[in-house]
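J.: I have a structure here, written as C-alpha cells, and I will follow up with some questions on it.
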Amino acid sequence: MTQPTFTEKVIELIRAIPEGCVSTYGGIARLAGNPRAARQVVRILHSSSRKEGLPWHRVVNREGCIALKSFQGYDLQKQLLENEAVAFDDSGRIDLDRFLWRPAMEEVRKHTVE
DNA sequence: AACCTGACTTCGG
DNA sequence: TCCGAAGCCAGGT
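Numbering (the working numbering), first residue to last: 1 to 114.
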C-alpha cells in the first residue's frame, strides 16, 4: 500500500476546506505533516488548482491577507470569498479568529490517510 | 537533465 | 521586536 505523498495530502486538505472558511499556507502544510512546507502549498496551488478544481481562493497568508497582488487575482479571490460571507476589514484582512478552518484531528486523518 | 522559482513560514541572532 | 536566511520540493524552462 502506498502512503499518500505530501502533495496528495495537501490537495485533499485544500479540497476539504469548507465554504465560508479559509486556511493558511503554513496551516495546510502543518496539517499535511510538514510545518515548514508552506512554499510547496503555493507550488501545488499553481500546478493543481485548475486541474484538480481546488477552492484555491480559501487559502490566504498567516496575517489573513490575500497574498496575490491586484490584477493578478487579488480582486477575484476577494470577491469569491465575499460571496461565501467571508468578511474583510478596512485593511483588507480577514479575521482568522472567526474564519480560519480548524479541523479536528479526526477530520484531518480522514483526508490524509489512504 | 540540471537549474530556477514561487500566491510562504519559521528560526536564530 | 525586527530582519536575514533557511526550509521545502515539483513543475516549467
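The beta carbon of each residue, even a glycine, is placed where N, CA and C say it ideally should be.
As the structure is a prediction and not an experimental result, all values here were calculated from the model.
May I ask you to report which of helix, strand or coil DSSP gives F6?
T.: helix
J.: Taking its Cβ as the centre, do 16 or more other Cβ atoms sit within 10 Å of L54, making it buried, or is it exposed?
T.: buried
J.: If we ignore side chains and look at the alpha-carbon of each, how far apart do R62 and Y25 end up?
T.: 7 Å
J.: Tell me T24's beta-bridge partners as DSSP assigns them.
T.: V60
J.: Name the one or two DSSP bridge partners that F88 has.
T.: I94
J.: Within the continuous alpha helix (DSSP H) that includes S49, where are the two ends?
T.: A38 to E52
J.: Quick one: grab the DSSP three-state call for L68.
T.: In the structure shown, L68 sits in coil (DSSP, three-state: anything other than H, G, I, E or B).
J.: Which residue wins for smallest C-alpha separation from G20, given the options R98, E84 and I28?
T.: Of all alpha-carbon atoms in R98, E84 and I28, the one lying nearest the alpha-carbon of G20 is that of E84.
J.: In whole angstroms, what is the alpha-carbon distance linking W56 and S47?
T.: 11 Å
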